[in-house]
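Following the working numbering, the numbering of the sequence shown begins with 227 at its first residue and continues without gaps. Idealized CB from N, CA, C, for every residue including glycine. Owing to the predicted nature of the structure, the values given are computational and were not obtained by experimental measurement. Note sheet for the following structure.
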Amino acid sequence: MDHKWRDDMWNKQWGKYLDAAHDNINKHLRNYNSSEDYKKDITNKWIQWASEDVEVFVNALKQEWYKNNNN
């Protein structure tokens, strides 16, 4: 595997996703009008979504790698 390509995809694509997720979680945590339960729920949802999305992202990378290296 081309480690530079893999690392670039991970850092540039997945890193942007994680930055956005982090920003959204922090936005909700800083909202003084939201209850503690809401903050816990929304944080847990973002963590679950990220967990599910990392699988999709890794599979997409594998497919892209296979397509580019088996033609």
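CA-to-CA distance, residue j to residue i, given in whole angstroms
i       : j       : result
Lys-230 : Lys-265 : 38 angstroms
Ser-277 : Met-235 : 17 angstroms
Lys-293 : Asn-285 : 12 angstroms
Asp-233 : Gly-241 : 10 angstroms
Asn-270 : Trp-291 : 32 angstroms
Integer Cβ distance of residue i from residue j, believed to fall under 8 angstroms
i       : j       : result
Ile-268 : His-248 : The Cβ separation is near 13 angstroms, so there is no contact.
Beta-carbon proximity of residue i to residue j, cut-off 7 angstroms
i       : j       : result
Ile-251 : Trp-272 : yes
Residue span of the alpha helix (DSSP H) that contains residue i, given as start and end
i       : result
Arg-243 : First, the residue type needs correcting, since residue 243 is Tyr and not Arg in the sequence shown. Run containing Tyr-243: 241-256, per the alpha helix (DSSP H) assignment.
Ser-277 : 262-295
Lys-238 : Element bounds for Lys-238: n/a, residue is neither H nor E.
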